[in-house]
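**Q**
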Amino acid sequence: MLSQSFIRRAAFLSSLLFFLLGGVVFRLFYLQILNHHLYREEVLRRFTLDELLALRGEIFDRNGEVLAKDVEVLTVYACPRAVPDPSQAAARLAPLLAEDEERLRERLSAHASFVVLRAGVPSSVGNALREARVDGVYWVRETRRFYPKAPLLSAVLGFVGKDRKGLEGLEYVFDNLLRGKDGYVTFERDALGQEIPTTVTLHPPEKGKNLHLTIDAIIQFFVEEALDRAMERTKAKRGVIIVNDPKTGDILALASRPSFDNRRFQEFPPEAWRNHAVNMVIEPGSTVKPLVLAAALEEKVVTLGDTFYCSGATRVHNHRIRCIKAHGQEKLEDVLINSCNVGIISVAQRLGKEKLYRYLRGFGLGERTGVPLPGEEEGLLRQPEKWSLLSIGAIPIGQEMMVTPLQLLVALSSIANGGMLMRPRLVQRVTDALGNTLEAFPPSPVRRVVSEKTARLVLSMMEKVVTEGTGKKAQVVGYRIAGKTGTGQKAGQGGRYVPGAYYSSFAGFFPLPDPRFGVLVVLDEPQGEYYGGDIAAPVFQEVAERILR
Ligand SMILES: [Zn+2]
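If you use the working numbering, the sequence shown closes out at 627, no skipped numbers anywhere.
Set out below in structure tokens:
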């Protein structure tokens, strides 16, 4: 015989199920009450369903600031037929639920087997509800994902769906670790295979693991502010700023625009969820020139004393490649300081296509960095046998190739790190609920690309780019900064360049001689001015200044 109270409880709880469709409460309830026999009521009186919900793990920044956590909330509901005095009940509940008394009274008097009085009630209200002892009013505990600093870092953190599964960003990539395990109840069985009600065992839920990121929330805040201002000022279509530590490969901040707010992700089009630091591919333009120069110095096909002559253009296989102006007689370092196309093409011709290709690959161009973010693009760097006769003039000036912003920063960071390419690090370690480290991800070198001597030489030339060359707008008074500007053309349908459509970029490292910060700024199709030195360098300067002061 089913008791009356159980039947009643089952009736409105089944209505509640439709409300909580797909939720874990549904599955537990279905499996453990509706689908089973009477004696379960006895068991479940002792173990309430919500005791079985596992909390998702937390996500912290490098200083222990909470970026994502589960909070417990209550959904308070009623079975109106079981409420003896709706007016009195409404008066008692109104202050507890912070809800209008009249509206509560209406709901409590409704002709329905089940009504939700309020969702998202702080779990601290549970005790007061228990003490208020209002007949016919119940509540279930639920968890909600909370991002205390949102919309900060939304593109990196991603979000969790209704069924508490990670759907984007780190929430998606590390879902198995973060998720935890829901608890459950088991019974022993008798000889006939029937469960024995007195032999119940509660298997408690296991909280998910925590992620400790390399992100610094304070730098992230500076970066997002600077990027918002730059987007507003330049009316660019897309924008990315990444800050790293070139020594360890740690990603300290990463912002992408357009973006979204991960608390309300459904309100944004899915395109806004994309993280352009790894999803966008661009022609790097002149930002690859330091890499070409490093390769040539390492292979000793050029020396510091070499001179070049720039008449304003050069001919590569019947094609005229122009410079911004005739740079005239130049030393090797002037090629970088002036960002001279003619000079760097002649350096690349001495290197030859095989070596040029091998070094650019060595710097990680054309391959995924392996950062744990969804949808990372690998970019494009064709093998030398697929190059055209023009390629030796296009590739050293950052054309006929595609990179992601992260790939570009990682490659240039190896110059700031004495020639050693580091794998970008976003997660430092995984801990359990007690804070014990379960897994650590130490900084990880990929390979040495050039010698320390070569790297130092190129870095000092990049310093002159900022003190006397195209990167003057990146200067921060009192600090030594190395950098490189880039202006890449955008290819449209059929691979033809779109007139007036450019990527503006600036990559910089500071403070010299031993940089601890690298910053890359990329703006896609800024309106009006488009030279990296005019558009992206000032954004770099703003970020660098706030980090340094
Ligand atoms: Zn030139």
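Ideal placement from N, C-alpha and C gives every residue a C-beta, glycine not left out.
Alpha carbon to alpha carbon, what distance is there between His281 and Gly271?
**A** Those two C-alpha atoms are separated by around 21 Å.
**Q** Check whether the stretch 358-366 and the stretch 528-542 are in contact - that is, three or more C-beta pairs closer than 8 Å.
**A** Taking 8 Å as the limit for Cβ pairs, the verdict is that the stretch 528-542 does not touch the stretch 358-366.
**Q** Out of Pro229, Leu231, Pro226 and Lys259, state which residue places its alpha-carbon closest to the alpha-carbon of Arg242.
**A** For Arg242, the nearest C-alpha among the options comes from Lys259.
**Q** Taking a contact to mean a Cβ-Cβ separation below 8 Å, would you say Glu411 touches Lys542 in this structure?
**A** Yes; because the gap between Cβ atoms is below 8 Å, this pair is in contact.
**Q** Any heavy atom of ligand 1 inside 7 Å of the beta-carbon of Val380?
**A** Result no, Cβ not under 7 Å from ligand 1.
**Q** For Leu458, does the count of other Cβ atoms within 10 angstroms reach 16, so buried, or fall short, so exposed?
**A** When all chains shown are included, Leu458 counts as exposed.
**Q** How many angstroms separate the CA atom of Met79 from the CA atom of Pro347?
**A** Only weak support is given to the placement of Met79: the predicted model assigns it a pLDDT of 43, under 50, and the value that follows is read from those uncertain coordinates. Going by the C-alpha atoms only, they are around 53 Å apart.
**Q** Which same chain residues, not among the five before or five after Ser364, have their C-beta less than 7 Å away from its C-beta?
**A** Only Ser417, Ile475, Gly476, Lys562, Thr563, Gly564 and Thr565 meet the Cβ criterion.
**Q** From Gln298, Leu248 and Gly547, pick the residue whose C-alpha is nearest to that of His405; which is it?
**A** Out of Gln298, Leu248 and Gly547, Gly547 has the C-alpha closest to the C-alpha of His405.
**Q** What is the DSSP secondary structure of Glu246, reduced to helix, strand or coil?
**A** Coil at Glu246, not helix or strand.
**Q** Taking a cut-off of 5 Å, which residues have a beta-carbon closer than that to any heavy atom of ligand 1, in chain order?
**A** This selection yields Cys388, Cys401, His405, Cys418 and Val420.
**Q** How is Arg574 classed by DSSP in three states: helix, strand or coil?
**A** It is coil, neither helix nor strand.
**Q** Between Asp178 and Ala169, how many whole angstroms is the CB-CB distance? I'm expecting something under 8 Å.
**A** That pair is no contact at about 12 Å.
**Q** Rounded to whole angstroms, what is the Cα-Cα separation between Arg159 and His189?
**A** Straight-line Cα distance between these residues: approximately 8 Å.
**Q** Per DSSP, what kind of secondary structure is His405 in: helix, strand or coil?
**A** Note: His405 maps to coil in three-state DSSP.
**Q** With which residues is Asn322 paired in a DSSP beta bridge?
**A** Answer is Ile329 and Gly596, bridged to Asn322.
**Q** Hey, would you say Thr292 sits closer than 8 Å to Arg140, going by beta carbons?
**A** Yes, Cβ-Cβ distance for Thr292 and Arg140 is below 8 Å.
**Q** Does DSSP classify Val621 as helix, strand or coil?
**A** Here Val621 sits in helix by DSSP.
**Q** Could you check if Lys313 is buried or exposed, using at least 16 other CB atoms within 10 Å of its CB as the buried criterion?
**A** Under this definition Lys313 is an exposed residue.
**Q** Please list the segments of the alpha helix (DSSP H) lying wholly inside the stretch 507-583, counting only runs of 4 or more residues, in order along the chain.
**A** List check, alpha helix (DSSP H) in window: 530-546.
**Q** Tell me, please, whether the stretch 579-594 touches the stretch 516-528 by the rule of three or more beta-carbon pairs shorter than 8 Å.
**A** The stretch 579-594 vs the stretch 516-528: no contact.
**Q** On a Cα-Cα basis, can you pick out the residue from Ala176, Val356 and Arg185 that is closest to Ala233?
**A** Minimum Cα distance to Ala233 is reached at Val356.
**Q** How many Å lie between Val621 and Lys551 at the Cα?
**A** About 12 Å.
**Q** Work out the CA separation of Ala331 and Ile636 for me, nearest whole Å.
**A** There is no way to answer for residue 636, as the model of the chain reaches only from 79 to 627.
**Q** Residues in its own chain within less than 8 Å of Leu255 by CB, not counting five upstream and five downstream?
**A** Excluding positions up to five away in sequence, the list reads Gly135, Gly286, Lys287, Leu289 and Val508.
**Q** Going by DSSP, what residue range makes up the beta strand (DSSP E) through Phe265?
**A** Unbroken beta strand (DSSP E) run through Phe265: Tyr262 to Arg267.
**Q** Bridge partners of Ala233, per DSSP?
**A** Bridge partners of Ala233: none, in fact.
**Q** Looking only at its chain, what residues have a beta carbon closer than 7 Å to the beta carbon of Leu57, apart from the 5 residues adjacent to it on each side?
**A** Given that the chain is displayed from residue 79 to residue 627, the structure contains no residue 57 and the question cannot be resolved.
**Q** With distances taken between CB atoms, is the gap from Leu443 to Gln506 smaller than 8 Å?
**A** No, Cβ-Cβ distance for Leu443 and Gln506 is not below 8 Å.
**Q** If you compare alpha carbons, which of Thr447, Lys227, Lys325 and Thr277 is closest to Pro483?
**A** Checked all of Thr447, Lys227, Lys325 and Thr277; the closest Cα to Pro483 is Thr447.
**Q** Near Cys401, what residues of its chain come up, given a Cβ to Cβ distance below 6 Å and the 5 sequence neighbours on each side ignored?
**A** The answer, listed in chain order, is Cys388, Gly390, Cys418, Asn419 and Val420.
**Q** Hey, Lys227 and Ala295: beta-carbon distance below 8 Å or not?
**A** Contact: yes.
**Q** Using CA atoms only, rank isn't needed, just tell me which of Ile137, Gly142, Tyr155 and Cys157 is closest to Asp148.
**A** The option with the nearest alpha carbon to Asp148 is Ile137.
**Q** Which residue marks the beginning of the alpha helix (DSSP H) containing Arg222, and which one marks its end?
**A** Per DSSP, Arg222 belongs to no alpha helix (DSSP H); it is in the beta strand (DSSP E), Val215 to Phe224.
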